[in-house]
Each structure stands twice: as C-alpha cells, then as structure tokens.
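See below for the structure under consideration.
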Amino acid sequence: LRGEVIAYQSQESFYLPLWATKYSGLYPISLDPAVTVYYKNLVSTPPITMQALNNIIRRAPNIYQQRIITLNSETNSEAFLVNWFWIKAKGETGWELLGKIGQTQPLFADNKNALMDTVISGAARIGYFVPASSVLFAKARYTNLEFSYLRDSQPLFMNYLGITQAASHPNSAKLLLDFLLSQDGQIALSQDGMLPYRSDVAEVVDYHLDHIEQDLGASSLVFIDIEPILSTKPAAVEDFLKEWQSTYGRL
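With our numbering applied, the sequence shown covers 1144 to 1394.
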C-alpha cells in the first residue's frame, strides 16, 4: 500500500468478514471466480477440476489439440496472479496438471474478451482460469455456453477499492465505497455479474460467495489476494514466469 491509500474505516466494515477488513482503507468490493468455460453441447463431461480437464483431453487428444485456451501470464496480470495463487495451493501437482495441458499446444489470449471470443466462435472448445464475470454476460446470448467451478481449488479474484491520498474528492469517494459495501451495493454488484460476499445478502441474490463455499467447501477456495513478494522481489516473478513458460513449451 506504501501510504498511498487513505486509512478510511467504512461504516459498513462492521458487517464484513474479518478477511475483508485486514488492510487499512482497502476493501474488496466483490470477488470474481476463475472458472472453466465451454459449450455444454460439445463438452459432455464438465471440467469441474483441472484433473477432470486432463481426463477429457486424454480421452480425445486429437479433438483438443490447439483447442484449449487460457489467459497469457506473460502479458496479462490477472493470468499471472491466478496461476501464482493456484500453484501456491496445488504445489508440484499443479505444475504437472498444467504441463499435461501444455502438451495440447493450448492457445493464449492477451485479455478476457479475446479469450471469450475464441470460445464463442468455436476456435477453442474449453477455456480455463476465465473470470466468471466475462462468462455470465455471454451466457445471456449463447444458451449452450456453460461454466464450471474448479471444485478442488477454486481461484477467486478479489476486486479491491481504496481511496488514494491524491483523490480530488475524497468525501465523495467515501460515499461510493460505503455504498458498494452496503447491502444495496452488494445486491447491485451481483446484478452486474460480480460476486458479492456480505453474508446478509446471501438469501436475496442468486450469485454469492456463501453459495459457492457451501457447494465446494471453504478449504477449496483460493483467494487471489495482495502478495507483497511480487512487488518486493522481482526475481520471484521472473522465476515463476520462466517455470510457467517452460511448462507450456514457450521458452
């Protein structure tokens, strides 16, 4: 944070879980699961884990050659973070699973819109580590489009918001932050395809963190949080990226 964010305590912070209030003045306003996406009429067995995705590929390797897609960790920060935290949770097993996907010569998208366009067009049959917010909007137009949570280790992007010291209108910013963390704000975010987490709205929205936790179990959730080592130790970033490139044969 480096002193750039105002240490503002939102009036809504008392209604939030402890993990959402651990940074002074910085709050996650919503979350966004990283999921697998596919056409359910083309992929009969949902890829509900990365092992399940590997099994699908193994049963029909020719069909999935150059037909799997994910975001490019070399050019996309979200991609780097989801891989970093997922590997942190899975360890060497995670690298082995990604390596098997790498044998299909997967496609890499520089942004989530390009990824979704590739899946929607049929050029890719399955996408993985895809922000669910991108999929939800597309599902309204493409009825056969489906997504699955990763039931063993489900990554969750955390969409943080804070007020910087340089803010021109800090009081207005405080009102906005308070609203987004309020019951009404969390409901509005859910209606816009984002995942709310405030527990007292879980019963009034269809899409909520509590629903995912009840389905998958708390131990399966992988929060993509602030990672100080990524800004303080550039060598750690370089080493991880080299391992990622090697795993996919991109060195």
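Idealized CB from N, CA, C, for every residue including glycine.
Check	Outcome
Below 8 Å between beta carbons: does that hold for residue 1196 and residue 1271?	yes
With distances taken between CB atoms, is the gap from residue 1432 to residue 1277 smaller than 8 Å?	Past the boundaries of the shown model lies residue 1432; the chain is included only from 1144 to 1394, so the question cannot be answered.
Does the count of Cβ pairs from the region 1378-1393 and the region 1241-1255 closer than 8 Å reach three?	yes
With respect to the alpha helix (DSSP H) encompassing residue 1375, which residues constitute its N-terminal and C-terminal limits?	1372-1375
Leaving out the 5 sequence neighbours to the left and right, which residues in its chain are closer than 6 Å to residue 1223 when beta-carbon positions are compared?	1216
With DSSP as the reference, label residue 1435 as helix, strand or coil.	An answer regarding residue 1435 cannot be provided, because it is not within the stretch 1144 to 1394 covered by the chain.
Which of the three DSSP states is assigned to residue 1225 in this structure?	helix
Out of curiosity, what's the CA-to-CA distance linking residue 1336 and residue 1184?	24 Å
Considering only residues of the same chain and omitting the five flanking positions on each side of residue 1209, which have a CB-CB separation below 6 Å?	1248
Run through DSSP, which three-state label would residue 1307 get?	strand
State the Cα-Cα distance for the pair residue 1233 and residue 1297, rounded to the nearest angstrom.	11 Å
How about residue 1212 and residue 1262: are their beta carbons less than 8 Å apart?	yes
Considering only the beta carbon of each residue, do residue 1179 and residue 1269 sit closer than 8 Å?	yes
Would you check if the region 1288-1297 and the region 1154-1172 touch, i.e. whether three or more CB-CB distances between them fall below 8 Å?	no
Using the three-state DSSP reduction, which class does residue 1256 fall into: helix, strand or coil?	helix
Taking residue 1367 and residue 1301 to be in contact with their CB atoms under 8 Å, please state how far apart those CB atoms are, rounded to whole angstroms.	6 Å
Would you please state the rounded distance, in angstroms, between the beta carbons of residue 1379 and residue 1369? I believe it to be under 8 Å.	With a Cβ gap of about 15 Å, residue 1379 and residue 1369 do not count as contacting.
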